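Numbering (the working numbering), first residue to last: 1 to 220.
Just so you know, even glycine gets a beta-carbon here, dropped at the ideal spot from N, CA and C.
Fair warning: this is a prediction, and the values are worked out from it, not measured in the lab.
Worksheet: one structure, shown below.
In structure tokens, the structure reads:
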């Protein structure tokens, strides 16, 4: 690794740079991949190898920037929505056409479950979520399913097919779902656990992690 970095840094404009940089992890050494692209532009710009490499580096830079922005946004959200902070309130439509607010469930331990009918990992996770719901609902545990669906019929059909007895809402706005935007949801399934006073207790819990947290709060 050290030899490869030295070869990149000490052989500007040489094909040695190209062969050396490919031994480095691209995600950790984007700056060196960019350096090699720039250094070789004068001597290899016309070659197909250089063109392919240059295009790959361009994609790499875009991906690195997207990751940086995502991490920055996540850090901002962690500051805005810290564990122990107030869970932002929101209101959306229920399957029967009514309106339900998160704050309507105050006094219960609430899992906000962001999901969608088209999300295969969500559908695969639903049996696990149902198991913990059945186990802890009588102890004051409630689930508020927030769907990122666009199609109302698909949303309602998924609720019925998966046998999800808890409360559900959606604004049928896909990734522009207001609650998802409010909570910074960038992938699903995603959960936020809210305590009886409306404070954020945990985020991103699934499977055993969720079950352990519920046992801790409500007793096994």
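Asked, Found
"Using the three-state DSSP reduction, which class does residue 54 fall into: helix, strand or coil?", "helix"
"May I ask you to list the residues that DSSP assigns as paired with residue 202?", "193"
"Residue 87 and residue 198 look like a contact to me (Cβ under 8 Å); what is the Cβ gap, rounded to whole Å?", "5 Å"
"Roughly how far, in whole angstroms, is the beta-carbon of residue 85 from the beta-carbon of residue 200, given that I think they are within contact range, below 8 Å?", "6 Å"
"Taking the alpha carbon of residue 180 as the point to measure from, which residue in 106, 90, 207 has its own alpha carbon closest?", "90"
"Assuming contact is defined by CB atoms lying nearer than 8 Å, are residue 30 and residue 64 in contact in what I supplied?", "yes"
"Determine the contact status of residue 130 and residue 218, defining contact as a CB-CB distance below 8 Å.", "no"
"Give the secondary structure of residue 145 by DSSP, where H, G and I count as helix, E and B as strand, and everything else as coil.", "strand"
"For residue 44, which residues in the same chain have their Cβ closer than 7 Å to its Cβ, ignoring the five residues on either side in sequence?", "50"
"Given a threshold of 16 other Cβ atoms within 10 Å of its Cβ, counted over all protein chains shown, does residue 99 qualify as buried or as exposed?", "exposed"
"What first and last residue would you give for the alpha helix (DSSP H) that runs through residue 214?", "207-218"
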